[in-house]
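Counting in UniProt numbering, the sequence shown runs from 1 upward without gaps.
Beta carbons: idealized from backbone N, C-alpha and C, even for Gly.
Each remark here refers to the structure printed beneath this line.
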Amino acid sequence: MRRKSVGALLSALVFPGVGQYYLGRRTRALLFLAPAAIAAILYFNFALDQANTMVDQLMSGKIAADPAAIEAQLASAPTPVSVTLAGIVFAVCYVGSIVEALIARPEA
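Following this line, the structure appears as structure tokens:
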């Protein structure tokens, strides 16, 4: 398997930027890793807050322990713009790191 293919697979299966690191492109790896990591942290922090809120409401009896009621509650909660942007940033870093690993020339 070619090194570029392995780099692309690492970026696809492990985390954006890991393939660039494997290929020796340290600066490019950071350009993909840093924003993707920040976006992932922001996104998972929001998901954890949503889960904690849902558990608190379930434990207090505000909503029934019914999957349909839980889904309705989650669907009615607004998603902040920052979380939407974090998802977009992560997706761009993900796709970009795979494409960059496949098409970029090796650094000298």
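Taking the CA atoms as reference points, SER97 sits about 11 angstroms from LYS4. When the Cα atoms are used, SER76 and ALA40 turn out to be separated by approximately 23 angstroms. In this structure, LEU23 places its C-beta atom within 8 angstroms of the C-beta atom of GLY7. If you compare the alpha carbons of ILE103, ALA69, ALA91 and PRO80 with that of ALA37, the shortest gap goes to ALA91.
Sorting GLN57, LEU33 and PRO78 by C-alpha distance to the C-alpha of VAL89 places LEU33 at the top.
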